[in-house]
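> For what it's worth, numbering that gives the first Met the number 0 labels the leading residue of the sequence shown as 0, then goes sequentially. The beta-carbon is built from N, C-alpha and C at its ideal position, and this holds for glycine as well. Below are the structure tokens for one structure; questions will follow.
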Amino acid sequence: MISLGIIGTNWITEQFVRAAEETKAFSLTQVYSRTEEKAADFIADLGKKNIKISTSLEDFFDSKDFDAVYIASPNALHFSQAKLALEHGKNVIVEKPSTSTIREFTLLDNLASEKDLYFFEAARQIHEPIFKKIQSYVDENRAELSGASLSYMKYSSRYDDYKAGKNPNIFNTKFSGGALYDLGVYTVYDAVVLFGQPDDVCYDAEILESGIDGSGTLTLKYSDFDVNILIGKTKNSYIQSEIYFNKKTLLMNSAGDITHVQLADENKNITTVPTTKSDNPMDSEAAEFARIITENDKETYEKLLKYARIVNRILEQARTSAGLVFEADKEK
Ligand SMILES: NC(=O)c1ccc[n+]([C@@H]2O[C@H](COP(=O)([O-])OP(=O)(O)OC[C@H]3O[C@@H](n4cnc5c(N)ncnc54)[C@H](OP(=O)(O)O)[C@@H]3O)[C@@H](O)[C@H]2O)c1
């Protein structure tokens, strides 16, 4: 059994804990929150008892009561919290994006390897059966691959708070927010896992007054084709995502929350690709992390880490090309 500590008490952590415990390999033992009350509410919402609470990060990581931590705090805090975790001998599962800069990523990558600990970036969609189906199709038809258009744009409930002057974390450079470092991460993962590392990256962003990108268009250039990506947190898009194979096209309802895939053949006949989808979109990643840790499957782990390295590098390149600066860039 892998005992689990968690950081962050928002809905996403509850969803992950439910998925993790569903695997029967993880068991929640400890909760960190800045306030005792939030931690207690979080535990009560899960219907649990006898879970340790910490309101100090040092006390939390000094605990011998958990082996792995799931971190779902604002992006800019991931690095320092994951670093502390690794220094205290804990395996790390950190929400996407795991870091704000490639410098931070490399430090954690090296530290995890030095300590022989796991450092997972939680990119949930790449582990889902529906994504694996797309991946198999791309692999089988690679010779015909001729580009992709990906779209993931959702009006954030926090954009209203932003416009009301409340300065939410996700619209703030201090917390490494913005469209690219949120929904954009899913689209970059799609491209990296399906098509590999691009040769060139360019991001044209609509930058808000706070200095972060509300939306933008990202282009990933490969030797034979382009991947054009639309991302945003300040508007809703209903455009499908598509992958092109000469006359054939694979159609996906979304680039991040993929629930429906269709294939349009040479004659423009459209058929649905049958697949399964779990009610909890984090089930597949939790099961995969549990399996990798339990079986000590270093080969799969290294493959995931390689994706994460490429994704984090692309994010920084894209951000730089758009002139987006985070406070984390100033850290030495
Ligand atoms: N994979 C997915 O499907 C998915 C979905 C949503 C979000 N995410 C990722 O999950 C992470 C958290 O996102 P979120 O929207 O939940 O973020 P958030 O609401 O801004 O913060 C998450 C948690 O961090 C703590 N926190 C908030 N502000 C803080 C501050 N100023 N200083 C220290 N701690 C603070 C809070 O916990 P306490 O008050 O208990 O300390 C809060 O519950 C992000 O990296 C995001 O990309 C992933």
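In whole angstroms, what separates the C-alpha of Asp61 from that of Ser53?
Rounded to whole angstroms, Asp61 to Ser53 spans 10 Å at the Cα level.
> What are the complete alpha helix (DSSP H) segments, minimum 4 residues, inside the region 57 to 116?
74 to 86 and 101 to 114, all fully within the region 57 to 116.
> Within its chain, find whatever has a CB closer than 7 Å to the CB of Lys234; leave out the 5 residues flanking it on each side and keep chain order.
Around Lys234: Met152, Tyr154 and Ser214.
> Which class does Gly213 belong to by DSSP, given the choice of helix, strand or coil?
In this structure, Gly213 counts as strand in the three-state DSSP scheme.
> Any heavy atom of ligand 1 closer than 7 Å to the beta-carbon of Leu76?
At least one heavy atom of ligand 1 is nearer than 7 Å to the Cβ of Leu76, so yes.
> Report the option in Leu45, Asp296 and Thr8 whose CA atom is closest to the CA atom of Glu35.
Nearest option by C-alpha distance: Thr8.
> Per DSSP, Asp225 is paired with what?
The partner list for Asp225 (beta bridge, DSSP) reads Lys220.
> Considering only the alpha carbon of each residue, which of Arg33, Asp199 and Asp328 lies closest to Glu57?
Per the Cα distances, Arg33.
> Quick one: is Ala327 buried, meaning 16 or more other Cβ sit within 10 Å of its Cβ, or exposed?
By the 10 Å Cβ count, Ala327 comes out buried.
> Would you kindly work out how many angstroms separate the C-alpha atoms of Asp189 and Glu208, rounded to a whole number?
Asp189 and Glu208: Cα-Cα distance of roughly 29 Å.
> How would you write the range of the alpha helix (DSSP H) that Asp160 sits in, first residue to last?
Note, Asp160: alpha helix (DSSP H), Ser156 to Lys162.
> Going by the DSSP bridge assignment, what does Tyr151 pair with across the sheet?
In the DSSP output, where bridge partners are listed per residue, Tyr151 has Ile230.
> Taking Cβ positions, are Leu323 and Gly177 nearer each other than 8 Å?
Against a cut-off of 8 Å, the Cβ pair of Gly177 and Leu323 comes out as a contact.
> Report buried or exposed for Thr319, applying the criterion of at least 16 other Cβ atoms within 10 angstroms of its Cβ.
Exposed, by the Cβ-count rule.
> Which whole-angstrom value describes the C-beta separation of Val68 and Ile6, a residue pair presumed to lie in contact below a C-beta threshold of 8 Å?
Their Cβ separation, rounded to whole angstroms, is 6 Å, which keeps Val68 and Ile6 in contact under 8 Å.
> Any heavy atom of ligand 1 closer than 7 Å to the Cβ of Ile11?
Yes, the Cβ of Ile11 comes within 7 Å of a heavy atom of ligand 1.
> Given 8 Å as the limit, is there contact between the region 237 to 244 and the region 139 to 146, that is, 3 or more CB pairs closer than that?
The answer is yes - the region 139 to 146 touches the region 237 to 244, with three or more Cβ pairs under 8 Å.
> By alpha-carbon positions, which one of Asp256, Asn279 and Thr270 ends up nearest to Leu262?
Nearest C-alpha to Leu262: Thr270.
> Kindly indicate which three-state DSSP category Ala321 falls into: helix, strand or coil?
Of the three classes helix, strand and coil, the one that applies to Ala321 here is helix, per DSSP.
> Unbroken alpha helix (DSSP H) runs of length 4 or more, entirely within the region 253 to 296: which are they?
Complete alpha helix (DSSP H) runs here, min 4: 282 to 294.
> With Lys51 as the anchor, note down where its beta strand (DSSP E) starts and where it stops.
Lys51 -> beta strand (DSSP E) spans Lys51 to Ser53.
> With three or more beta-carbon pairs closer than 8 Å as the criterion, would you say the region 216 to 224 touches the region 194 to 207?
Yes, since at least three Cβ pairs between the region 216 to 224 and the region 194 to 207 fall closer than 8 Å, the two stretches touch.
> Looking at C-alpha atoms only, which residue of Asp40, Leu314 and Met281 is the closest neighbour of Ile92?
With distances taken between Cα atoms, Ile92 lies closest to Met281.
> Is the separation between the beta-carbon of Leu314 and that of Leu179 shorter than 8 Å?
Their beta carbons are under 8 Å apart, which means Leu314 touches Leu179 by this criterion.
> Considering only residues of the same chain and omitting the five flanking positions on each side of Thr12, which have a CB-CB separation below 6 Å?
Cβ within range, chain order: Ile5 and Ala71.
> Thinking C-alpha only, which one of Phe65, Arg17 and Ser135 is nearest Val260?
The shortest C-alpha separation from Val260 is found at Ser135.
> Just checking, does the region 78 to 90 make contact with the region 41 to 48 on the three C-beta pairs under 8 Å criterion?
The region 78 to 90, when compared against the region 41 to 48, does not touch it at the 8 Å Cβ threshold.
> Is Glu330 helix, strand or coil by DSSP?
Three-state result, Glu330: coil.
> With a threshold of 8 Å on Cβ separation, who are the neighbours of Thr258 within its own chain once the five nearest residues in sequence on each side are excluded?
Excluding sequence neighbours, Thr258 sits near Ile129, Asn252 and Lys276.
> In angstroms with no decimal places, state the Cα-to-Cα distance between Thr105 and Val272.
Rounded to the nearest angstrom, the two C-alpha atoms are 38 Å apart.
> Inspect the beta-carbon positions of Lys89 and Phe65 and report whether they are closer than 8 Å.
The answer is yes: Cβ separation under 8 Å.
> Is Ile238 helix, strand or coil when you go by DSSP?
In this structure, Ile238 counts as coil in the three-state DSSP scheme.
> Nearest by alpha-carbon distance to Thr274: which of Lys131, Leu83 and Ile101 is it?
Measuring from the Cα of Thr274, the nearest candidate turns out to be Lys131.
> Among the candidates Ile292, Ala163, Val310 and Phe224, whose CA atom is the shortest distance from the CA of Arg141?
Nearest option by C-alpha distance: Phe224.
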